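Novice: Take a look at the following structure, please.
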Amino acid sequence: MIRLGVSLPAVMKLLGHKTIRMTLRYVQVTQRDLQREFHLARQNAVQVHQVPELSVSTFLSTSSDLPGILHTLTAARHLLEMYRRQLKDDSATRTLRRLDKRLHTVALELDRFATVAK
Numbered sequence: 002m003i004r005l006g007v008s009l010p011a012v013m014k015l016l017g018h019k020t021i022r023m024t025l026r027y028v029q030v031t032q033r034d035l036q037r038e039f040h041l042a043r044q045n046a047v048q049v050h051q052v053p054e055l056s057v058s059t060f061l062s063t064s065s066d067l068p069g070i071l072h073t074l075t076a077a078r079h080l081l082e083m084y085r086r087q088l089k090d091d092s093a094t095r096t097l098r099r100l101d102k103r104l105h106t107v108a109l110e111l112d113r114f115a116t117v118a119k
């Protein structure tokens, strides 16, 4: 069944097994099977693409009013997220997520302030 294209989880369900480990006891995976799966996965893979470079000037608002500040904060969070996605270091990624949460909190407070001011 595996060689005919039935997935391992489907075989597991068909055999009534509760764990994949039990199913693997009955399945013999050969090197040829692994190569076939690898080539199928490569054919179906989404093409890797570069994150687009965004110009900061398109995001920055020149107005110093509350909507302009909120717009600039949103743009800064977007650019920060694009940069974070390019990083491989988990520690730096966590730090940038915390910074993003802080910026989000600032934006929420400014939004509340704008609502009260009206």
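All you need for this note's numbering is the position in the sequence shown, starting with 1, plus 1. Just so you know, even glycine gets a beta-carbon here, dropped at the ideal spot from N, CA and C. Predicted model only: the values in this text are computed from it and were never measured.
Suppose you measure from the CA of R43 to the CA of T116; what does that come to, to the nearest Å?
Specialist: Take the alpha-carbon of R43 and the one of T116: they are about 52 Å apart.
Novice: What's the C-alpha gap between L88 and L71?
Specialist: 26 Å
Novice: Check each candidate in F114, R4, K102, T20 and name the one with the smallest Cα separation from L41.
Specialist: R4
Novice: Restricting to Cα atoms, I'd like to know which of S92, R99, D91, L67 is closest to A108.
Specialist: For A108, the closest C-alpha among the options S92, R99, D91, L67 is that of L67.
Novice: Go to T24, then tell me how far its alpha helix (DSSP H) extends in each direction, as first and last residue.
Specialist: 21-27
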